[in-house]
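Participant: My structure is below; once you've seen it, I'll send some questions.
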Amino acid sequence: AINLLGLSPSGVTEGSPVMGKRFIGNFGAPYLASLVPDLILFRTDHNPKTLVEKVDFVTAPGRDGRWLLTDRCLMRRENGRFRLVSLHPGETPGELVAATGFHFDMPDEPKITPFPDDETCELVRGAVAEEIGAIYPRFASQFLTPG
């Protein structure tokens, strides 16, 4: 499960997450998740507090065919479970398992995520960053532009 609804600085206490902050509503997640056939979830902070085994508030139903892209790996949900597709360069299987708060399927020899080619980098840092920057300027400047 992926915690999209709140921040839990102190983790789990007696089986229940302690929500330091709880966001209002579900950000339209249930509606959008039902419309988008090939949804990509992304987290820039892959850790056991955000990628958890169980959540107490479900914001959108999980289903197969979802992608999860983090700063450590790429996963895909199949048969009700996440499966590792590739590790980002510099990551190890052991580090990934330790940084993930839920069990997932891992191939015997995980692939390494390839670096994007120059054309893809130019597209992301140009047109994509500009379009996303109109809605999420801080995210675009922090993660999509060079420097």
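Residue numbers for the sequence shown follow the working numbering, so the first one is 5 and each next one is one higher.
By construction, the Cβ of each residue, glycine as well, lies at the ideal position given by its N, Cα and C atoms.
(1) How would you write the range of the alpha helix (DSSP H) that L127 sits in, first residue to last?
(2) Cα separation between F46 and P65?
(3) Alpha carbon to alpha carbon, how far is A37 from E57? Give it in angstroms, no decimals.
(4) Just confirm the distance between the C-beta atoms of L72 and G105, as a whole number of angstroms; I'd bet it's less than 8 angstroms.
(5) In three-state terms, what does DSSP make of L91?
(6) Under a Cβ-count criterion, where at least 16 other Cβ atoms within 10 Å of its own Cβ denotes burial, should T48 be classed as buried or exposed?
Facilitator: In short:
(1) Counting along the chain, L127 sits inside the alpha helix (DSSP H) bounded by residues 122-127.
(2) Cα to Cα, F46 sits roughly 16 angstroms from P65.
(3) Each residue's Cα considered, the two are about 20 angstroms apart.
(4) In fact, because the Cβ distance is near 13 angstroms, the residues do not count as touching under 8 angstroms.
(5) Strand at L91.
(6) Label assigned to T48: exposed.
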